[in-house]
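One structure below.
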Amino acid sequence: MIYSMTGYGKSVIQLPTKKISIEIKSLNSKNLDLNTRMPSFYREKELNLRKLIADKLERGKIDFSIFVEITGEETSTQINKPVVKEYLKQLKDIVDGDTTELLKMAVRFPDALSTEREDIDENEWKTILNEIHAALNHITEYRLDEGRVLEADFKNRIATIESLLEEVIAIDPERIEAVRERLRKGVEDLKEKVDENRFEQELVYYIEKYDITEEKVRLKNHLEYFMSSLNSKDSNGKKLGFIGQELGREINTIGSKSNYAPMQKLVVQMKDELEKIKEQLLNVL
1182 MIYSMTGYGK
1192 SVIQLPTKKI
1202 SIEIKSLNSK
1212 NLDLNTRMPS
1222 FYREKELNLR
1232 KLIADKLERG
1242 KIDFSIFVEI
1252 TGEETSTQIN
1262 KPVVKEYLKQ
1272 LKDIVDGDTT
1282 ELLKMAVRFP
1292 DALSTEREDI
1302 DENEWKTILN
1312 EIHAALNHIT
1322 EYRLDEGRVL
1332 EADFKNRIAT
1342 IESLLEEVIA
1352 IDPERIEAVR
1362 ERLRKGVEDL
1372 KEKVDENRFE
1382 QELVYYIEKY
1392 DITEEKVRLK
1402 NHLEYFMSSL
1412 NSKDSNGKKL
1422 GFIGQELGRE
1432 INTIGSKSNY
1442 APMQKLVVQM
1452 KDELEKIKEQ
1462 LLNVL
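Convert by adding 1181 to the 1-based position in the sequence shown; the result is the number in my numbering.
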């Protein structure tokens, strides 16, 4: 079972005087990259929220937001009347303009508005925290659904590589015979008489250099290990990535040793499937 790092979760609460929207978005990242946006009066809860999100989502580029929309008469922002009056007086000393227009300018100046800091209502925060958990559950379900799609794709591509490996194993004797004949023909073209025993010794040495028995066995083992890791309880994209590197190493070695066009074509197809697997592994948690 695997989880994608791509996900989205949202939850909305309607309180008596405000509407609160909680959104969580995540994309792939090597580590945890968490950004938070929330009103200043919730900032004292940020460290606890960060720990909660990190424990739940583990890894990815995560954007967490709390949006507050005041729907009642409640407001903590007040016009600082003495400051605004002083701004108006100074503006009128500079220019003889319409009072309404000057007022529009004055309220934009520093300290024209004052916001009283309010203590968080713990009962209200408990309600918000429950919805944050709900949003985290939504994004986890989203990640699991995306993970199922990725898992199906991995299984298909691994099966394709296994099938291509079987073809490589099937044509390997034919490849060895082709190498043998190519060497013998090369010697005959030289029109030189050679010691048959010495030729066979050299032939054995040459063919051993191009033997891919170990690579075939290791590649098969790595494919099985990839599948068993894919079916484990934990989602471990980094581990699958390491196994993918080992798959690439064995496939590349088979390609460099093959010295036989039909086998090299199979290797190219295996490489193509593996590259697509590696691209998708970047999204796995």
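We put the CB at the ideal spot given by N, CA and C, even for glycine.
Residue environment, residue i, which counts as buried when at least 16 other CB atoms sit within 10 Å
i       : result
Gly1328 : buried
Tyr1323 : buried
Asn1464 : buried
Ala1287 : buried
Gly1188 : buried
Met1451 : buried
Val1276 : exposed
Delimiting residues of the alpha helix (DSSP H) encompassing residue i
i       : result
Tyr1268 : 1262–1275
Gly1436 : 1418–1439
Tyr1406 : 1394–1411
Lys1191 : Segment 1188–1195 is the beta strand (DSSP E) holding Lys1191; no alpha helix (DSSP H) there.
Lys1414 : Premise fails: Lys1414 is in no alpha helix (DSSP H) and is neither H nor E.
Thr1280 : 1280–1287
Asp1453 : 1442–1462
Close Cβ partners of residue i (< 7 Å) along its chain, the five nearest in sequence each way excluded
i       : result
Leu1269 : Leu1283, Leu1284, Ala1287
Leu1364 : Leu1384, Tyr1387
Glu1358 : none
Leu1208 : Met1186, Thr1187, Gly1241, Lys1242
Inter-residue CB distance, residue i and residue j (contact presumed, cutoff 8 Å)
i       : j       : result
Ile1352 : Pro1443 : 6 Å
Leu1346 : Lys1401 : 6 Å
Ser1185 : Leu1317 : Not a contact, Cβ separation roughly 15 Å.
Ile1194 : Ile1201 : 5 Å
Phe1222 : Ile1313 : The pair is not a contact, with the Cβ atoms about 16 Å apart (cut-off 8 Å).
Any non-hydrogen atom of the ligand MN within 7 Å of residue i CB
i       : result
Glu1456 : With respect to the ligand MN, the structure offers nothing, as it holds no ligand at all.
Delimiting residues of the beta strand (DSSP E) encompassing residue i
i       : result
Ile1247 : 1241–1251
Lys1211 : Note, Lys1211: premise wrong, no beta strand (DSSP E); not H, not E.
Sequence-distant residues of its chain with Cβ nearer than 6 Å to residue i (five each side left out)
i       : result
Met1219 : Ile1247
Lys1438 : Tyr1391, Ile1393
Asp1244 : Lys1206, Asn1216
#### Entry: beta strand (DSSP E) runs contained entirely in the stretch 1216–1241, provided each spans 3 or more residues
Taken in chain order, no unbroken stretch of beta strand (DSSP E) lies wholly in the stretch 1216–1241 with a span of 3 residues or more.
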